[in-house]
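Have a look at the structure below, then the notes.
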Ligand SMILES: Nc1ncnc2c1ncn2[C@@H]1O[C@H](COP(=O)(O)OP(=O)(O)OP(=O)(O)O)[C@@H](O)[C@H]1O
Ligand SMILES: N[C@@H](CCO)C(=O)O
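In the numbering used here, the protein residues as written are 4 to 374.
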């Protein structure tokens with residue numbers, strides 16, 4: 004798990020010129036069918052940062068952070084530390100704790116395996132990476148619960164960020180806040196994360212809204228080691244914001260009970276060995292978000308209804324991953340047949356896909372060293 008090492012032996016300090024922080028955050032799949040905005044699963048694709056800066060700032064004035072980036076999103080991500088999501092979140096954590104700016108001469112290399120806008124938690128991972136980075140740079144030693152508060156001020160649903168932070172199959176809820184705390188947690192994102200100009204003066208924007216205490220609460224469920232996640236990833240992006248716009252604001256009691264019945268069963272069923280396909284396939288059905296998102300993801304109802312445990316031995320259940328467009332099939336075998344048959348169905352809608360077999364992994368980690 005995360006390591007926030009504040010104690011550096013004097014011998015190491017005197018020999019080392021730079022501090023080196025390595026941050027690693029997993030991809031996540033949220034909802035798993037009926038658990039809209041409630042459950043998340045951490046998966047074996049990672050966002051990795053390597054950040055270095057001198058222990059003592061060299062003479063000659065402040066030098067702005069320099070970012071390099073490889074992997075998924077390299078053609079669209081901003082390399083400006085005041086616009087990049089990860090560094091803006093890190094700066095938010097620093098400024099809330101009275102640290103005005105990044106250390107001088109900071110370099111950050113990002114390597115990202117999580118595709119953008121596909122329902123695999125890329126933004127949640129970027130936010131968690133930023134929170135962990137701010138916490139480590141500032142030596143704040145914030146507990147997990149407080150790290151989550153900061154993440155929830157930026158990504159306002161807890162499922163992805165909680166699973167990315169603590170790892171595994173996780174359920175979470177947001178606490179009902181009192182009036183003052185509700186107000187503090189409702190500030191527009193543009194105020195939480197202003198785009199600080201590169202020449203930001205030391206006093207500008209020093210007082211961003213500090214998160215109320217204890218916004219998010221979570222629990223980790225059991226997970227059967229035999230289960231893998233087949234991610235069937237269409238080659239188009241769908242922003243979470245767009246996929247939330249199509250959802251209704253009110254639901255029938257019948258549909259809510261349908262989801263709650265299934266979610267209650269699912270959270271235990273996925274921890275049982277051997278897992279029961281008949282129980283899980285039905286328990287991964289949803290009436291709260293998937294029916295409305297099918298307009299944005301052609302082929303979604305066909306893939307989730309035609310690929311079943313009866314047609315594909317090894318399949319346990321199949322659902323939209325997060326806000327989509329990725330489809331998540333949980334299975335103990337038959338991975339290739341599941342993915343290739345999903346490919347054929349999507350091809351009928353002129354959609355190309357890539358697929359990967361992923362494992363459920365642990366949460367984020369931070370290593371702190373000298374170089
Ligand atoms: N590593 C990253 N660095 C900077 N910005 C990122 C990074 N990863 C994601 N983002 C930002 O987040 C956006 C995608 O967020 P969005 O919430 O729409 O999708 P997602 O997080 O991939 O999917 P979901 O929330 O459904 O799992 C990207 O377009 C980009 O602006
Ligand atoms: N629960 C969120 C997850 C987004 O990643 C949604 O489905 O909109």
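Where a beta carbon is used, it is the ideal one built from N, C-alpha and C, also for glycine.
Would you mind reading off the limits of the alpha helix (DSSP H) that contains residue i?
i           : result
residue 52  : Per DSSP, residue 52 belongs to no alpha helix (DSSP H); it is in the beta strand (DSSP E), 38-57.
residue 157 : 147-157
residue 369 : Where residue 369 is concerned, there is no enclosing alpha helix (DSSP H), although the beta strand (DSSP E) it sits in stretches over 368-373.
residue 273 : Element bounds for residue 273: n/a, residue is neither H nor E.
residue 340 : 338-350
residue 303 : 303-309
residue 162 : 161-169
In terms of alpha-carbon separation, which member of the options lies closest to residue i?
i           : options               : result
residue 334 : 213, 64, 359 and 268  : 359
residue 238 : 105, 135, 329 and 56  : 329
residue 98  : 269, 29 and 211       : 211
residue 108 : 128, 67 and 122       : 67
residue 373 : 47, 42, 41 and 55     : 55
residue 257 : 275, 290 and 247      : 290
residue 296 : 43, 327, 80 and 275   : 327
residue 140 : 298, 128 and 94       : 94
residue 247 : 331, 268, 159 and 261 : 159
residue 341 : 103, 232 and 27       : 232
residue 27  : 251, 344, 50 and 40   : 50
residue 44  : 20, 167, 112 and 345  : 167
residue 80  : 113, 63, 20 and 100   : 113
residue 236 : 349, 41, 171 and 40   : 349
residue 221 : 147, 22 and 347       : 147
residue 251 : 106, 346, 294 and 276 : 294
residue 300 : 184, 351 and 175      : 351
residue 40  : 96, 22 and 292        : 292
residue 367 : 21, 30, 337 and 65    : 30
residue 242 : 331, 125, 194 and 261 : 125
residue 64  : 106, 183, 21 and 198  : 106
residue 111 : 143, 198, 70 and 186  : 70
Assuming residue i and residue j form a contact by the criterion Cβ under 8 Å, report the distance between their Cβ atoms to the nearest whole angstrom.
i           : j           : result
residue 214 : residue 188 : 7 Å
residue 217 : residue 162 : Not really, about 18 Å apart at Cβ, beyond 8 Å.
residue 38  : residue 266 : 5 Å
residue 192 : residue 91  : In fact, because the Cβ distance is near 10 Å, the residues do not count as touching under 8 Å.
residue 24  : residue 369 : 7 Å
residue 165 : residue 173 : 5 Å
residue 130 : residue 180 : The Cβ separation is near 20 Å, so there is no contact.
residue 354 : residue 302 : 6 Å
residue 177 : residue 219 : 6 Å
residue 305 : residue 121 : No, residue 305 and residue 121 are not in contact; Cβ-Cβ is about 19 Å, not under 8 Å.
residue 123 : residue 52  : Not confirmed; about 18 Å, so no contact.
residue 249 : residue 298 : 6 Å
residue 138 : residue 150 : 6 Å
residue 357 : residue 315 : Residue 357 to residue 315, Cβ: 19 Å. No contact.
residue 331 : residue 184 : The pair is not a contact, with the Cβ atoms about 34 Å apart (cut-off 8 Å).
Grab the span of the beta strand (DSSP E) containing residue i for me, first residue to last.
i           : result
residue 69  : 69-74
residue 32  : 21-34
residue 176 : 172-177
residue 297 : Where residue 297 is concerned, there is no enclosing beta strand (DSSP E), given that its DSSP letter is neither H nor E.
residue 283 : Careful: residue 283 lies outside any beta strand (DSSP E), inside the alpha helix (DSSP H) at 280-286.
residue 331 : 330-334
residue 318 : 318-323
residue 356 : 356-361
Step through the CB atoms of chain D and report whether any lies within less than 9 Å of the CB of residue i.
i           : result
residue 339 : Absent from the structure is chain D; it holds one protein chain and no more.
Quick check: is any heavy atom of ligand 3 less than 8 Å from the C-beta of residue i?
i          : result
residue 79 : What this structure holds is ligand 1 and ligand 2, not ligand 3.
Is there contact here, the segment 66-77 with the segment 111-121, by at least three beta-carbon pairs under 8 Å? Verdict: yes, contact present.
Should the segment 309-327 be called in touch with the segment 273-283, which here means at least 3 C-beta pairs below 8 Å? Yes, they touch.
What residue ranges within the segment 183-267 form continuous beta strand (DSSP E) runs of no fewer than 3 residues, ordered along the chain? Within the segment 183-267, the complete beta strand (DSSP E) runs of at least 3 residues fall at 219-224 and 231-237.
Tell me whether the segment 323-333 and the segment 27-36 touch, counting them as touching only if at least three CB pairs, one residue from each stretch, are closer than 8 Å. As far as the Cβ criterion goes, the segment 323-333 touches the segment 27-36, which means the pair count is three or higher.
Examine the Cβ distances between the segment 119-139 and the segment 58-72 and report whether three or more of them are shorter than 8 Å. Not touching, per the Cβ criterion.
Using 8 Å as the cut-off, can you tell me whether the segment 356-371 makes contact with the segment 219-232, which would need three or more C-beta pairs spanning the two stretches below that distance? The answer is yes - the segment 219-232 touches the segment 356-371, with three or more Cβ pairs under 8 Å.
Only counting runs of 4 or more residues, tell me where the alpha helix (DSSP H) segments fall wholly within the segment 86-131, in order along the chain. At a cut-off of 4 residues, the continuous stretches assigned as alpha helix (DSSP H) that sit fully inside the segment 86-131 are 88-99.
Is it true that the segment 77-84 meets the segment 286-299, where meeting means three or more beta-carbon pairs spaced less than 8 Å apart? Because the criterion of three Cβ pairs below 8 Å is not met, the segment 77-84 and the segment 286-299 do not touch.
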